[in-house]
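> Okay, here's the structure, questions in a sec.
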Amino acid sequence: MPNIDRREFLKLVGAGGVSVGAGFMLRESTKHPREYLIPHVVAPEDISSGLSTWYNSVCSMCPAGCGISVRTREGRAKKIEGNLSHPVSQGRLCALGQAGLQALYNPDRLTAPMRRNGEGTFEEITWEQGLKQVGDRLDLLRAAGRGNRVALLTTGVRGHLAQLFESFMRQLGSPRLLHYDYDHPHTLYAANQQFFGEDRLPYYDLQNTRLLLSFGADYLSNWISPVHHSLGFGESRQGPADVRGRFVQIEPRMSISGAAADEWIPARPGTEGILALGLAHHIIAEGNYSGADRDAWMAALADYTADAVAEQTGVPATTITRLADSFVDTAPSLAIGGGSAGNHSNGVDTLVAVNALNYLVGNIGQEGGLVFNPEPAGPALQQHQASYSTMLELAEAAHHGEIDVLIINGTNPVFTLPPTAEFESALAQIPLVVSLSSFLDETTALADVILPSHTYLESWGDDFPEPGVGFSVGAVSQPVVSPLYNTRGTGDIILDLARRMGSSSVMPWQSMEEFLKYGWQRIYQRGDSQTLAQGFDAFWTSVLKAGAWGETKSGNTAFSLNPDVIAGIGVAPPEFSGSEDDYPFILHPYLSPNFHDGRGANLPWMQELPDPMTSIMYGSWVEMNPLTAQQMELSEGDLVDIQSPHGQLRVPVFIYPAIMPNVIAIPIGQGHGEYGRYAKDRGVNPIQILSPQLEPVTGSLASSATRVNVSATGKRVKLVKTGGTSRDLGRNIIQTTGGSGVEVSSVSSNSIPITEVTS
Amino acid sequence: MTTPTERNDLGYNDIHEDVVRSIVKTGPKYYIALATAGSVTLLCFFFPWFYQLYYGIGAAGMNHPGVWGTYLSSFIFWIGLSHSGTLLSCVLHLTNSSWRKAMYRSAEAMTLFSLVVAATYVMVHVGRPWFIHWALPYPNQMELWPNFRSPLLFDVMAIATYITGSTIFIYMGSIPDFAAVRDRTSGWRNTMYTLLSLGWRGTDKEWHRLHWAYTFLAVLIIPLAVSVHSIVSWDFAMSIVPALHQTIFAPYFVVGAIYSGTAGIVTVMFVLRKTMGFEQYITKLHFDNLGKLLLVLSLIWTYINAVELFTGWYSGSSEEYEALGYKLFGFYAPLYWEMILFCAVAPLLMFSTRFRTSFVPMLILSIAINIGMYTERFLIIATSLSRQYLPDAWGVYVPSLVEISIMVGSFALFTTLFLVFVKIFPSVSMYEVKETMATPKIEPLAPASGSPA
Amino acid sequence: MSLFSRFLDGWRKYRKPGYYEKFDYHWTMTVDLDKCTGCEACMMACQAENNIPVVGEDEVARGRELQWIRVERYWEGEYPNARLRFMPMMCQHCDAAPCETVCPVSATYHNQDGLNTQIYNRCIGTRSCAVYCPYEVRYFNYYDHGWDSPLEQQLNPDVTVRGKGVMEKCTFCIQRIRQAKDLAKDDDRRRVQDGEMQPACVQTCPTKALVFGDRNDPESQVSLSMDDPRSYRVLDELNTDSSVFYLKKVDA
Ligand SMILES: Nc1nc2c(c(=O)[nH]1)N[C@H]1C(S)=C(S)[C@@H](COP(=O)(O)OP(=O)(O)OC[C@H]3O[C@@H](n4cnc5c(=O)[nH]c(N)nc54)[C@H](O)[C@@H]3O)O[C@H]1N2
Ligand SMILES: Nc1nc2c(c(=O)[nH]1)N[C@H]1C(S)=C(S)[C@@H](COP(=O)(O)OP(=O)(O)OC[C@H]3O[C@@H](n4cnc5c(=O)[nH]c(N)nc54)[C@H](O)[C@@H]3O)O[C@H]1N2
Ligand code: SF4
Ligand code: SF4
Ligand code: SF4
Ligand code: SF4
Ligand code: SF4
């Protein structure tokens, strides 16, 4: 050994110790970069240091259109809360709505216009370059009378932006204006059109109903207007003294609404409408309907005896008759339908059947029932809603070289369309694909030019919520902070393009704000004499301050049923793609409560919010009935391959106590290939294996009609979840109190706004 | 009176020479040992600890609900080990058990160093050790005091007192030996031992006072040691966590501490005996007696464990019952059964005298007992925290590499301290070993002729 | 007063957990389990309001999530009669809080409003409070958590950002309480009115399952709500004297 004496040794030990310590201290001392204060000698407008300023605006995280109040400090948005004066949200918000801040401050935002260069990568360009390139092309096409070779594909926007799109496309002479969202309830609109003759959604008065039957509609989580429904739900439960609403949920896999319901009834997927008709049959057969058209109903529903329906749906006949009886006996009662029940080959018929139930017990136009909304005060354009078939047509047109320019705004069809639509290859066929997205999502990644728009918290807009709340409502969406990056408002981009293609005489507005004010003149004109006397500017300021505008005039409550409808009533058994032998399971894809149709997946808050039903975060899973799993010898975390006729996914198993044995469920939202660091390469997207099964009336995708096969892979992963054991083991943690004769309280939460609303 | 040495022909001078040699003469083996221990300490203890200080205690495996982990079980383990020495030494001193004399010095050193390692573990355990002084009551401008209701604060107090007491105890007992070494060394050593021996001359008065003070401290330290481990147990027992909230915890911890401490002594005795050439001083007799003590402790320990299980089962409450079942059959169950094997079953071998007087088997058993006892401390924390009142918050905790490395490193730290100790302290109490020997006859200077006078 | 009686007096106060004769305000929350849908809007509100960091997938996988309020879920029965019940669980602001007694440095203590406060500055990170808390609502910062720029621009300037080694938990949004009290004080030293201030979770709860207020005011919504016959406290048998009352779920 080397000759080390004690002295040497001590030196070495000392030196070692000192250098380790010194290195450590050096790292510590060099850790914090210098930060600078912002001098407020000349403070920016609206900013007083240390004081919060609140701006009212509109949530754009889902189509519900809740009113929001955004708290800002020193010019930064700090918190989004519900706008108390907005009738949809009434001061409340869902988790996704609150996480909108992370869309604004998302580290993966697109910060400047970009163009795909020769090497296929994006390079930054100026707005002038980008707008010129697109504008010139549009101008050329328009001048050549080939404006119809331009398509505009947008998320389902409402209000004046929708109108702007419409004018813009009219200038081009192109009919190809498509509003596309995965979750748009096409079948619900069609069913309402068929039954009520109205292409609008009615208002569901959950607050006052005493018995709600929900056929597949996850109304508390993703369906139509979850915050507003939750308000109604809360009010109905323990709100009014001595009354407590009862909720029954019919669906193959327990949703959040199913968990909140007093009774959860699994019916075979796609037979919800048959069940509804079973109820209707029993109501009439028991003599509980006495309308003049009773016989017509009886004839139409002859086949739907409780026993026959029980056979088809798997719901016991006694349950059917009990439900039907209490639906009649409890007034007011209400039946709603949608979600998975509407996403079958018989979707429209199913939802017509649900409407029929309401009709038979006289809920229509009644408090606690189904109330018609008045004509919206502002532009509301349902006719451009693009179904799956419409998207197929667009893709086909692109494949045939009929599309020269595609402008995409805020929708992500590459993610939300099944691959059978061949949308990705269609994009490749289009010479100029322009994306106005704020994020590099899967569709934007395939664009040729990106003209990034502001997030909703930086831009002007307005909204006329659909469905309304029984009276006319409008809300202005105003910027709450100055734009973070070199982005522009969607409306401003469209107006600029319109100018460049020489349409400034028809679309003369310099900015979206100006256009909005122009449009709101019409609403101002509806005001009473007092409002009119104060002038438009005062009206506009007051709308901005309140964040919402409303009229108390209710819609038309009178309703008479077209007799032809009755004869057409009937629900065929659902059709599934794939044979039962090869594909023994029915895939139930559902919108994740956290990510909606996937748009929330780039928000770290949403990724780290446990899924309410399973407590899983950050990934995907497939839900399976405990018995099925036991038969297949699967346990939590086992990776399985899910095979449909059109694709395959590998995903871990979660044993789910409330799902039918032959159904498996996968949440939609994860499985992004792009869309920023938080979303990318995480989980799976069940849309990718959906079969192109259609609902024939609307041409929409019957997304709950795919059969799959499940095979074990022998591999395992650990599910990332926060919940430990979700059985209370007799510890009486969640205490309950018995059924009838329950004393219910009338205490509800209190709110006095202390927030000063500033505009 | 039993004789502590195997050779009866030892003279006073032999003892002096043996012991002083162990201090002054340092072979390369010692340096290799010290360098190894020192670098393992740096590498396995300090480096990961600095890493953890820098990045945060997330470097360890703790989580929610397993907020406590091996750092705390190591802390209890080392506090437990500390009971080997001083406490035992005090008891044996007071009961006048002469066989203690050859071993107690190193046993006391073990106490001291275990306490040092335990105190270091406190720093490793807390999230912000740089503010650890806030747990001390010192007058300050803010008039902020620690929380005297907290069992953790009792702990701080108890351990501080225990360290102080043990230090004084070992130091005081060493004064005559320092003087003896002083008289046999030169140079800086002589200066050092001159200072350490506080001018000891060995007068009757000095011996008298030393004995008086020594006995006084011994009496004082016994309740202190008992209280220290009782208080450590209260860190847990004062909570309302199922399976931690136990009245039996104080005696359980004290017995456990003495148990693992005694096993620790056996291990150290064996090592000293082999490495320092103390075969004459540490004999079969010591192992036999320690073995008997260990056996008794093992039986008490087993009894308390059985009682704990019984009361848990008898309570019938879902929480206690679940915690118990989890311990026996849950995630950590293999460790539980390992503990039972090492601490309750294997020690039964010591009923055999042959086993007790065999060095290597006793070494193996003593190590096994301490592995079992470490497991016990780990399980107390891990199993209880995993299964508390709200099942939705249940979870498991698994130690991280950093924790395991620090655990290994802590043994190296202990060894390093011990190695430094043996070069400074006479590791066998010379004067007390001498006390047990017959007074040597003064040999006449003249060549022996005829019968002695 | 003699030195001795002063000492005795001090000692008595000291011995009594939450040693206030009567709290100035007695902030209390009720959770109506019959209304709660488990939507977790409350969790998001708390995360946004209180600068609770996102710890990341790996850390969650290790069980290191930070959730001042979490929604617990308990299944009952088997298919097809399975049901799921949710229970929001946050710090119960126990008036006899086990977590307070164990903190060696008094970093967590009871204040004059009946709140279990958490002083991040003072915390040395022993995590004993988390062990002692039977509701397991205390969460520990195992690391310094950053915000990917520019997400930090969202941080609430009224709430401290906690560093590594510090325990944190629901504060009943003390910053909002302070603000309301300050406003009330400036406004002629009146008392804070019922409903004037709401914690973030209560404020957002879409079903209005959460009610918050001052129990000292017998007219307050929360006083009425906690007197509901359905009212109970979770783990009441542990005598923590908690300030969160749950209203039983109705099985109808
Ligand atoms: N406008 C103005 N600015 C000042 C000063 C001034 O006089 N006026 N003074 C300056 C001086 S000298 C100082 S020291 C600083 C002080 O500045 P800060 O340290 O910011 O002091 P505060 O605003 O009193 O309290 C900070 C926050 O702690 C919260 N808080 C109160 N009690 C508790 C508790 O028990 N637990 C937790 N977690 N939070 C609690 C309060 O709600 C508040 O949001 O301000 C400086 N800046
Ligand atoms: N209720 C309550 N009490 C508190 C606190 C709290 O938050 N709430 N905070 C505490 C803290 S952190 C602090 S630092 C103290 C601060 O307590 P103080 O030091 O008392 O602070 P101020 O009242 O801000 O200033 C004292 C006086 O200095 C005067 N002054 C200003 N400029 C000058 C100058 O240039 N020269 C001279 N000679 N006088 C000047 C002011 O007019 C004022 O009268 O308060 C403590 N007390
Ligand atoms: S439901 Fe939620 S996401 Fe949708 S608009 Fe309302 S707050 Fe926004
Ligand atoms: S926000 Fe309200 S309804 Fe939603 S989980 Fe929280 S307490 Fe329950
Ligand atoms: S719930 Fe837990 S943290 Fe909150 S006061 Fe009670 S014991 Fe302390
Ligand atoms: S973690 Fe902090 S607050 Fe909790 S007991 Fe330790 S020092 Fe006190
Ligand atoms: S009261 Fe405030 S701190 Fe507590 S859970 Fe609610 S939002 Fe979070």
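Protein chains in written order, with this note's numbering: chain A, 1 to 759; chain B, 1001 to 1453; chain C, 2001 to 2252. Backbone N, C-alpha and C define an ideal beta-carbon position, used for all residues, glycine too.
1) For the beta strand (DSSP E) that contains B/Asn1305, what are its first and last residues?
2) Can you name, in chain order, every residue of its own chain whose Cβ lies under 7 Å from the Cβ of A/Ala679, other than the five neighbours on each side?
3) Express the C-alpha separation of B/Met1142 and B/Thr971 in angstroms, rounding to a whole number.
4) Find the nearest neighbour of C/Ala2097 within the set C/Val2105, C/Pro2088 and C/Leu2115, judged by alpha-carbon distance.
5) Between which residues of its own chain and A/Val744 is the CB-CB distance below 6 Å, once the five residues before and five after are set aside?
6) Please state the DSSP three-state secondary structure of B/Ala1180.
7) By the three-class DSSP mapping on this structure, what secondary structure does A/Tyr359 have?
8) Could you check the C-alpha separation between B/Thr1026 and B/Pro1347 for me, to the nearest Å?
9) Find the residues of chain A that neighbour C/Cys2039, judging by a C-beta separation of less than 8 Å, and give them in chain order.
10) Alpha carbon to alpha carbon, how far is A/Gly159 from A/Arg146?
11) Contact criterion: CB-CB distance below 9 Å. Does A/Asp728 meet it with respect to chain B?
12) Should B/Gly1409 go down as buried or exposed, given a rule of 16 or more other Cβ atoms within 10 Å for buried?
13) Can you tell me where the alpha helix (DSSP H) with C/Met2043 in it begins and where it stops?
14) Report the neighbours of B/Leu1152 on chain C: residues whose CB is nearer than 7 Å to its CB, in chain order.
15) In this structure, does DSSP put A/Glu424 in helix, strand or coil?
16) Measuring only the C-alpha atoms, how far is B/Ser1084 from B/Arg1209?
17) Let me know the beta strand (DSSP E) ranges lying completely inside the region 76–148 of chain A, each 3 residues or longer, listed in chain order.
18) Kindly list the residues whose CB is nearer than 7 Å to the CB of B/Val1126, restricted to its own chain and excluding five residues on each side of it in sequence; keep chain order.
19) Suppose contacts are defined by Cβ-Cβ distances below 9 Å. Is A/Ser257 in contact with A/Trp223 by that definition?
20) Measuring only the C-alpha atoms, how far is B/Leu1341 from B/Tyr1332?
21) Among A/Pro645, A/Asp139, A/Ala335 and A/Val480, which one has its Cα closest to the Cα of A/Val371?
22) Of all Cβ atoms in chain B, is any one closer than 9 Å to the Cβ of A/Val13?
23) Determine, for B/Trp1200, whether the minimum Cβ-Cβ distance to residues of chain A falls below 9 Å.
24) Do A/His184 and ligand 3 come close, with the Cβ less than 8 Å from some heavy atom?
25) Have a look at the DSSP bridge pairing and note the partners of A/Lys680.
26) Tell me which same chain residues have a C-beta within less than 7 Å of the C-beta of C/Asn2216, skipping the five on either side of it?
27) Are the C-beta of A/Gly470 and some C-beta of chain B separated by less than 9 Å?
28) If you measure from each residue's Cβ to the nearest non-hydrogen atom of ligand 6, which ones come out under 6 Å, in chain order?
29) Pull out every residue of the region 1392–1426 of chain B whose Cβ sits closer than 7 Å to any Cβ of chain A, in chain order.
30) Use the C-beta contact count for B/Pro1138: other C-beta atoms within 10 angstroms, 16 or more gives buried, fewer gives exposed.
31) I think B/Ile1248 touches B/Val1307, with their Cβ atoms under 8 Å apart; what is that distance to the nearest whole Å?
32) Comparing the C-beta of B/Phe1236 with each C-beta of chain C, is any distance below 9 Å?
33) Find the residues of chain C that neighbour B/Ile1132, judging by a C-beta separation of less than 8 Å, and give them in chain order.
34) Thinking B/Glu1319 and B/Pro1242 are a contact (beta carbons under 8 Å), I'd like their distance in whole angstroms, please.
35) Determine whether the Cβ of C/Val2131 lies closer than 9 Å to any Cβ atom of chain B.
36) Near A/Ser748, which residues of its chain fall below 8 Å by C-beta distance, leaving aside the five closest residues on each side in sequence?
With the structure as the only source:
1) It is not in any beta strand (DSSP E) - B/Asn1305 instead sits in the alpha helix (DSSP H) that spans Lys1284 to Ser1315.
2) Ala601, Asn602 and His672
3) Because chain B spans 1001 through 1453 in this model, residue 971 of chain B falls outside it and cannot be assessed.
4) C/Leu2115
5) Unreliable placement is indicated for A/Val744, whose pLDDT of 47 sits below 50; the coordinate value is still reported in the next sentence. Contacts found: Gln238 and Arg244.
6) helix
7) helix
8) 37 Å
9) Cys94, Ala95, Leu220, Ser221, Pro226, Ser230, Ile256, Pro593 and Pro612
10) 28 Å
11) yes
12) buried
13) Ala2041 to Glu2049
14) Val2102, Pro2104, Thr2126 and Ser2128
15) helix
16) 26 Å
17) 76–82, 114–116 and 122–124
18) Ile1132
19) yes
20) 15 Å
21) A/Ala335
22) yes
23) no
24) no
25) A/His672
26) Phe2023, Tyr2025 and His2026
27) no
28) C/Val2102, C/Cys2103, C/Val2105, C/Ala2107, C/Thr2108, C/Cys2123, C/Ile2124, C/Gly2125, C/Thr2126, C/Arg2127, C/Ser2128, C/Cys2129 and C/Met2167
29) Asp1392, Ala1393, Trp1394 and Gly1395
30) Strictly speaking, residue 1138 of chain B in this sequence is Tyr, with Pro absent from that position. Answer is exposed; the Cβ neighbour count stays below 16.
31) 6 Å
32) yes
33) Ile2124
34) 4 Å
35) yes
36) Low confidence applies to A/Ser748: its pLDDT is 46, below 50, so where it sits in the model is not reliable, and the reading given next is rough at best. Excluding positions up to five away in sequence, the list reads Gly234, Glu235, Gln238 and Gly239.
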